[in-house]
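Undergrad:
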Amino acid sequence: MKSLENLRLSALIAGLAALAIAGPVLAQTPASDAAALARYKAAEAIGEAHLKTFDTLDFDVFSNQKWERLKESHAANVAVHWPDGHVTTGIDRHIADLKAMFVYAPDTRIKQHPVRLAQGEWTSVTGVMEGTFTAPMPTPDGPIAPTGKTFKLPMATVSHWTNGTMDEEYLFWDNQTYMTQLGLGK
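Be aware that the sequence shown starts at 210, since it is given in the working numbering, and climbs by one per residue.
Here it is, written out as structure tokens:
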């Protein structure tokens, strides 16, 4: 008898728990459903706009070195986290760092984003960065002669957006693979 009572008590508790979880959902009105849907659609549209801006950034601005247009996607005080661990602040510094990549590989480009995600004010894309080491690479110890080798490696960017531009950007690619493909890795 006691086990039957325990079973009934367990069922009652489970039912009350389910009602507690479902209650707020069941209590929603058509107006609140419509408002929630409107908020979702607005957030989705903003995320898609950010992703479209990001496509333009990589496929046109970055790949064609249109640095004067970087302000279309980046805030003046953007913080950029680089794959080697250093962090820069400001669009001018970011442009200088990007320009440095093109000195030794002037055909550097990103032409695809196979994965594109948006969640609120955050976006993330993956891409394929490729190019050819055809010009001397400046280093503190003197220039490194070009190897003529091509590189093609996956990259990813995670970005935070405020008022339509990125105020923080995290760049990811495998630097060891990058250097190896350039003919400089071990």
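Even glycine gets a Cβ: it sits at the ideal position worked out from N, Cα and C.
Could you name the residues that DSSP lists as bridge partners for Ile353?
TA: Here the question's residue 353 lines up with position 144 in the sequence shown. Per DSSP, Met346.
Undergrad: Thinking C-beta only, is Arg325 closer than 8 Å to Gln380?
TA: In the sequence shown, counting from the first residue as 1, residue 380 sits at position 171. In the sequence shown, counting from the first residue as 1, residue 325 sits at position 116. Looking at the sequence itself, residue 380 is Leu, so the reference to Gln does not match. In this structure, Arg325 does not lie closer than 8 Å to Leu380 by Cβ.
Undergrad: With distances taken Cα to Cα, identify the nearest neighbour of Ala327 among Thr386, Ala254 and Arg318.
TA: As a working mapping, residue 327 is identified with position 118 in the sequence shown. With distances taken between Cα atoms, Ala327 lies closest to Ala254.
Undergrad: Tell me which residues share the same chain as Val400 and place their Cβ nearer than 8 Å to its Cβ, disregarding the 5 neighbours each side in the sequence.
TA: For residue 400 there is no data in the structure shown, the boundaries of the chain being 210 and 395.
Undergrad: Please identify the residue among Gly392, Met364, Ile319 and Gly329 whose C-alpha is closest to the C-alpha of Arg248.
TA: Position 39 of the sequence shown, counted from the first residue, corresponds to residue 248. The shortest Cα separation from Arg248 among Gly392, Met364, Ile319 and Gly329 belongs to Gly329.
Undergrad: For Leu393 and Leu307, I'd like the C-alpha separation in whole angstroms.
TA: Against the sequence shown, residue 393 aligns to sequence position 184. Against the sequence shown, residue 307 aligns to sequence position 98. Cα to Cα, the separation comes out at about 20 Å.
Undergrad: Of all the options Asp383, His303, Pro355 and Asp301, which has the alpha carbon lying nearest to the alpha carbon of Arg336?
TA: Counting from 1 along the sequence shown, the entry for residue 336 is found at position 127. Residue identity differs from the one stated: residue 336 is Gly in this sequence, not Arg. Of the listed residues, the one whose Cα sits closest to Gly336 is Asp383.
Undergrad: Counting along the chain, where does the alpha helix (DSSP H) carrying His303 start and finish?
TA: Residue numbering aside, residue 303 sits at position 94 when the sequence shown is read from its first letter. Taken as a continuous stretch (DSSP letters only), the alpha helix (DSSP H) holding His303 covers Ile300 to Tyr313.
Undergrad: Does the count of Cβ pairs from the region 364-378 and the region 343-356 closer than 8 Å reach three?
TA: Contact fails: fewer than three Cβ-Cβ distances are below 8 Å.
Undergrad: Could you give the C-beta distance for Gln390 and Phe360, rounded to a whole number, given that I count them as a contact under 8 Å?
TA: By 1-based counting over the sequence shown, the position of residue 390 is 181. By 1-based counting over the sequence shown, the position of residue 360 is 151. Contact flag correct, Cβ pair sits at about 4 Å.
Undergrad: Assuming Asp316 contacts Thr341 under a Cβ cut-off of 8 Å, what Cβ separation, rounded to an integer in Å, is found between them?
TA: Locating residue 316 in the sequence shown gives position 107, counting from the first residue. Locating residue 341 in the sequence shown gives position 132, counting from the first residue. The Cβ separation is near 5 Å, so the contact holds.
Undergrad: Can you tell me where the beta strand (DSSP E) with Gln274 in it begins and where it stops?
TA: Indexing the sequence shown from 1 puts residue 274 at position 65. First-last for Gln274: undefined, no H or E at that position.
Undergrad: Where does His259 fall in DSSP's three states?
TA: Here residue 259 is taken as the residue at index 50 of the sequence shown, counted from 1. Residue state, collapsed to three classes: helix.
Undergrad: Taking Cβ positions, are Ser282 and Met375 nearer each other than 8 Å?
TA: Within the sequence shown, residue 282 is the residue found at index 73, counting from 1. Within the sequence shown, residue 375 is the residue found at index 166, counting from 1. The answer is yes: Cβ separation under 8 Å.
Undergrad: Taking the alpha helix (DSSP H) that Leu391 falls in, what are its first and last residues?
TA: Along the sequence shown, read from residue 1 onward, the residue named residue 391 stands at position 182. Segment Asn384 to Leu391, the alpha helix (DSSP H) holding Leu391.
Undergrad: Identify every residue that forms a DSSP beta bridge with Tyr379.
TA: Translated into the one-based positions of the sequence shown, residue 379 becomes position 170. His290 and Val367.
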